[in-house]
Amino acid sequence: QLAAGTCEIVTLDRDSSQPRRTIARQTARCACRKGQIAGTTRARPACVDARIIKTKQWCDMLPCLEGEGCDLLINRSGWTCTQPGGRIKTTTV
């Protein structure tokens with residue numbers, strides 16, 4: 001039983017078969033409060049305001065790590081987190 005407002009990672013799969021690229025798929029289980037929905041905060045599963053998901057303003061849920069920059073993908077299908085050294089992590093929903 002999860003406490004209200006918390007999440008846990010259920011599955012995590014990584015595919016490093018392509019050079020210079022790792023594809024990760026993660027499934028989380030969340031027990032969110034009313035008005036919240038499962039999302040991502042600081043690169044971890046979290047309960048976030050449902051309006052963020054409905055409007056696809058992904059960067060409003062602070063999905064990137066401290067010091068990384070967040071940008072929406074052009075079609076709002078996800079976001080990118082850019083590290084100070086230039087490495088980019090792309091997340092699609």
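Quick note: the sequence shown, position 40, residue 40 per full-length UniProt numbering, numbers continuous. Every residue, glycine too, gets a C-beta built ideally from N, C-alpha and C.
*Assuming L72 and C59 form a contact by the criterion Cβ under 8 Å, report the distance between their Cβ atoms to the nearest whole angstrom.*
6 Å
*asked:* Would you call the region 45 to 59 in contact with the region 27 to 36, where contact means no fewer than 3 C-beta pairs closer than 8 Å?
replied: yes
*Considering only the beta carbon of each residue, do A28 and V10 sit closer than 8 Å?*
yes
*asked:* Going by C-alpha to C-alpha distance, which of A24, S16 and L65 sits closest to Q83?
replied: L65
*Can you tell me whether DSSP reads residue 146 as helix, strand or coil?*
Shown here, the chain extends from 1 to 93; a query on residue 146 therefore has no answer.
*By Cβ distance below 8 Å, which residues in the same chain neighbour L2 in space, the five residues on each side in sequence not counted?*
E8, R29, C30 and A31
*Starting from the N-terminal side, write out each stretch of the alpha helix (DSSP H) that is 4 residues or longer and does not extend beyond the region 13 to 86.*
50 to 55
*asked:* Suppose the cutoff is 6 Å on Cβ atoms and the five residues either side in sequence are ignored; what does the same chain contact list for A43 look like?
replied: L65
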